[in-house]
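Numbering (the UniProt record's numbering), first residue to last: 1 to 287.
Don't be surprised by glycine CBs; every beta carbon is placed ideally from N, CA and C.
Here the structure is a predicted model, which is why all the values come from computation and not from measurement.
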């Protein structure tokens, strides 16, 4: 699942850092979970799930996922947790037990050196690193249940189920959709990326379009269109509008209304007020 260039050099060890094809992963987000949970019966593919679970490594995948889950339940999210050494935990413990007594750094270090192995080991347990994510240990497109951390967190936070069986069925559907959404081997991702970024990056800013064809304005000194989009684009895209000035001519309102109708989009619902459908059964044809 690596991304490589023409001379086989590695660009990414996993496409998009999660291996998912964006065109297939549109339902793998928080907003669509409720819709998927309401259609679990329709989306469940029992035969395919049974075949995938026959994989000899399936038990190891589930065991590793459970190991990661237990660590997070005990110590919290590793991304939100500050890294500390066993000595740091020991220093906090000693300061808490000392009360109003102020201990110097040298005294705390001496207590740490004099502590036996059992005491030191008790402060080493919180420092055990979290196991690697399942998707980094087992190949996601070849092992059922090897989902990335983002999808796993979405499933853990989404809890509308009253029955444990319903929750398990939904998780199986999401794991299968994640597996089916992986980018296919041989996909020309470099070509797609170049095509997507190439066209807007060659445009210059639209603020200079008034000076097209005038060399003295030197429009190429403007910022590229892509940078303008990133800096100026609004998050709330509005319907485009246009203002047309009219000369003071007779029947101005009627002419303006006629022009407005020519520019407006007309759908069939604007033309029809009523539709009557009549059916006739004719047994013998009339010649």
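| query | result |
| --- | --- |
| Taking buried to mean at least 16 other C-beta atoms within 10 Å of its own C-beta, is residue 61 buried or exposed? | buried |
| In the DSSP output, which residue or residues are listed as bridge partners for residue 124? | According to DSSP, residue 124 bridges with nothing at all. |
| State the Cα-Cα distance for the pair residue 139 and residue 146, rounded to the nearest angstrom. | 7 Å |
| Report, in whole angstroms, the separation of the C-beta atoms of residue 15 and residue 127, which I expect to be a contact under 8 Å. | Actually they do not touch by this definition, with Cβ atoms about 33 Å apart. |
| Which stretch, first to last residue, makes up the beta strand (DSSP E) that contains residue 153? | Run containing residue 153: none in the beta strand (DSSP E); it sits in the alpha helix (DSSP H), 149-157. |
| Taking C-beta to C-beta, are residue 131 and residue 189 nearer than 8 Å? | no |
| Is it true that the CB of residue 174 sits closer than 8 Å to the CB of residue 144? | no |
| Let me know the alpha helix (DSSP H) ranges lying completely inside the stretch 73-150, each 4 residues or longer, listed in chain order. | 86-98, 105-114, 117-124, 134-137 |
| Can you tell me whether residue 148 is buried or exposed? The criterion is at least 16 other CB atoms within 10 Å of its CB, across all chains shown. | buried |
| For the beta strand (DSSP E) holding residue 11, just list the boundary residues, first then last. | 10-12 |
| Which same chain residues end up closer than 8 Å to residue 22 when comparing Cβ atoms and leaving out the 5 residues on each side of it in sequence? | 16 |
| Which of the three DSSP states, helix, strand or coil, is assigned to residue 260? | helix |
| Between which two residues does the alpha helix (DSSP H) harbouring residue 52 extend? | 46-53 |
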